[in-house]
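Numbering (mature numbering (1 follows the signal peptide of the UniProt record, and there is no 0)), first residue to last: -36 to -1, 1 to 148.
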Ligand SMILES: [Cu+2]
C-alpha cells in the first residue's frame, strides 16, 4: 500500500521545513540567551568616592539574572546590600542583607524587586557611595507564561503514518518551532 516515492517526498519536505524553522528559531532565541548582563558599578570610574552612583544606576535597565560588579581596591571600600532604611540613613549597624568585601564582588540579581547598596566605610555612603536599582522581570520570562497555539498540521497520508511515526520527535519539534515563529 505504501507508495515509497510519496512517502520519501513527505519526509523530505518535513526535513526541509525542520531545517529552515530550526535556523529561524536558533537565530530568534539567541539574543535572549545572551540577555543576562554584567554591570560594572560606576562604569570606568568603578566603585569609588567622587562618583554619583544614583545617576549611574538610572542609566541602565536591570533585569533578573543580571550581575552588578563592584570593583575597588580591597580594604578601601566594601559593598553592602541593605534595606531601604539603611540606604537612607547610611547607618550600616543594622538592616544589612549581605556584605561583599573582596574588591571584585559579583552580585547576581535573582529577584524582581528593589535592591539598595551602600559602601559602609565611614563617610563614603553619605558622600555618595550608595544607589538603588529596580530589577525587572526579563521579557523572555514574562512571555513564556503565555503558551502560543501552534498552527494545526494536516494529518499525514495513511500510507505514510508508520514511517512518520518513526520521526514523531521531529514533528513534535516542528510544532514547537512553528509555535515559536507565530508568537514572534
Ligand atoms: Cu567606600
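Positions of the beta carbon are idealized from the N, C-alpha and C atoms, including for glycine.
Please read all numbers here as calculations on a predicted model, not as lab measurements.
_I need the residues with a C-beta less than 5 angstroms from some heavy atom of ligand 1; please give them in chain order._
41, 83, 85, 88, 93
_Taking 7 angstroms as the limit between beta carbons, can you name the residues of its chain near residue 51, skipping five residues before and five after?_
Taking the first residue of the chain shown as position 1, residue 51 is located at position 87. Excluding sequence neighbours, residue 51 sits near 80, 82, 94, 96.
*Three or more C-beta pairs closer than 8 angstroms, one from the stretch 85 to 92 and one from the stretch 58 to 67: is that the case here?*
no
_Beta-carbon within less than 6 angstroms of residue 101's beta-carbon, same chain only, minus the 5 sequence neighbours each way: which residues are those?_
Here the question's residue 101 lines up with position 137 in the chain shown. Taken in chain order, the residues that qualify are 28, 76.
*Return the chain-ordered list of same chain residues with a C-beta closer than 6 angstroms to the C-beta of residue 6, the five sequence neighbours on each side being excluded.*
In the chain shown, counting from the first residue as 1, residue 6 sits at position 42. Within the same chain, residue 6 has close Cβ partners 15, 20.
*Please classify residue 44: is it buried, with 16 or more other beta-carbons within 10 angstroms of its beta-carbon, or exposed?*
The residue labelled residue 44 in the question sits at position 80 within the chain shown. Buried is the call here.
*asked:* Helix, strand or coil for residue -13? Go by DSSP, reduced to three states.
replied: Numbered from its first residue, the chain shown carries residue -13 at position 24. Caution is warranted here: a pLDDT of 49 is assigned to residue -13, below 50, making its placement in the model unreliable, and the coordinate value is therefore given only provisionally. Looking at residue -13 - three-state DSSP - the assignment turns out to be helix.
*Return helix, strand or coil for residue 19, following the three-state DSSP convention.*
In the chain shown, the residue the question calls residue 19 occupies position 55. Helix, per DSSP.
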